[in-house]
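S.K.: Here the numbering used here is used: the first residue of the sequence shown is 764, the next is one more, and so on.
Just so you know, even glycine gets a beta-carbon here, dropped at the ideal spot from N, CA and C.
Here it is: the structure, laid out below.
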Amino acid sequence: MALTISQVIDQFLSQLSNIRRYSDNTIKAYRIDLSEFNSFCSENSKVNIDEITEKFLKKYLVNLTELELDKTSISRKLSAIRSLFKFAFRNELVETNPASALPNPKTIRKLPSVVDVASLEELIEDNKYSSDILEKIIIELLYGCALRVGELCNLRYKDIDFERSTIRILGKGNKMRIVPLGSKSLELLNFYLDEFPVSNHNDFLIRTRKNQQLYPRMVYRIVNRNLSKVTDVKNKSPHTLRHSAATHMLDNGADLRVVKEILGHENLSTTQIYTHVSIERLKATYKKSHPKS
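Below you can see the structure in the form of structure tokens.
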């Protein structure tokens, strides 16, 4: 007996959570995209997984386009569907994979927002805008160690090696990496821990003022408010600090593969976007300052 689309989605998400150990945020994104697909199937009298054809999936693609979603969102939704049917095919829940040849809309990859070094030095080193040690250490670690916001929130005291000046990071897909901790970051971290000491090695490293685990929304608010004081870049999120760290490392001659390891990227192609940022910044500087430009 054929399984319903809803049943297969539940099995697929369970595998991502329990076997492949995807993050809660990633699973949430998959659930939202696949629930929207399931609703579309129901509206078109498609209940079972084996009723879905390549023609029907192309019809769904047309529907997404008509909703005027941006191409990045459409690509993400189609990627979720491909993963679902790849799972169904591998587990012999369908005889053929109708999503195997499903095309992606052509997208122009946007260059990430980057804050210039001088502005970040003004914000982080001079500390002229804030005396709040919690806000300072959040911005310092996000930029100084090029962390994702979830990685910062999940850091524990035991992840810090004070002798070697490194942090152990549990990144995407539960992949562990070791990131250098700069002398300025280490100094500020020690100041923070003097004011907000931990009680045991398993405590979260950075905590709220109520001594609870940081949460992404709080970090976003802090970063957005502080970046607004020194830059006019459109995106003022925690990830902007990570983008800036990667770009500044490459600007100063860091090896691309080393930056890849620091960022925790699985593929070098993901890191290469920052080389384009550096080149564009180089062009902009040349055009602005060279008399022959």
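Excluding five sequence neighbours on each side, which residues of the same chain lie with their C-beta closer than 8 Å to the C-beta of residue 783?
M.R.: Excluding sequence positions up to five before and after residue 783, its CB lies within less than 8 Å of the CB of 936, all in the same chain and listed in chain order.
S.K.: So does the region 1007-1023 actually touch the region 943-956, counting three or more Cβ pairs closer than 8 Å?
M.R.: no
S.K.: What would DSSP say about residue 841, mapped onto helix, strand or coil?
M.R.: helix
S.K.: For residue 767, which residues from the same chain have a beta carbon less than 8 Å from its beta carbon, with the 5 sequence-adjacent residues on both sides left out?
M.R.: 810, 811 and 812
S.K.: Starting from residue 931 and walking both ways along the beta strand (DSSP E), at which residues does that stretch end?
M.R.: Per DSSP, residue 931 belongs to the beta strand (DSSP E) from 929-933.
S.K.: Where does residue 992 land, buried or exposed, given buried means 16+ other C-beta within 10 angstroms?
M.R.: exposed
S.K.: Between residue 820 and residue 865, is the Cβ-Cβ spacing less than 7 Å?
M.R.: yes
S.K.: For residue 767, write down the residues that DSSP places opposite it in a beta bridge.
M.R.: 811
S.K.: Per DSSP, residue 972 forms a beta bridge with which residues?
M.R.: In the DSSP output, where bridge partners are listed per residue, residue 972 has none listed.
S.K.: For a minimum of 4 consecutive residues, which ranges assigned as the alpha helix (DSSP H) are wholly contained in the region 974-1020?
M.R.: Counting only runs that start and end inside the region 974-1020, the alpha helix (DSSP H) elements of at least 4 residues fall at 979-990 and 1001-1014.
S.K.: Between which two residues does the beta strand (DSSP E) carrying residue 825 extend?
M.R.: Counting along the chain, residue 825 falls outside any beta strand (DSSP E), though it belongs to the alpha helix (DSSP H) covering 817-829.
S.K.: Can you look up residue 912 in the DSSP assignment and give me helix, strand or coil?
M.R.: helix
S.K.: Considering only the alpha carbon of each residue, which of 775, 830, 912 and 1038 lies closest to residue 934?
M.R.: 912
S.K.: Between which two residues does the alpha helix (DSSP H) holding residue 887 run?
M.R.: 880-887
S.K.: Throw me the rounded Cβ distance for the residue 975 and residue 916 pair, which I believe falls under 8 Å.
M.R.: Not confirmed; about 11 Å, so no contact.
S.K.: Spatial neighbours of residue 880 within its chain, please: C-beta separation below 7 Å, excluding the five flanking residues on both sides.
M.R.: 1011
S.K.: Identify whether residue 784 lies in helix, strand or coil by the three-state DSSP scheme.
M.R.: coil
S.K.: Please name the residue or residues paired with residue 919 in a DSSP beta bridge.
M.R.: In the DSSP assignment, the residues bridged to residue 919 are 967.
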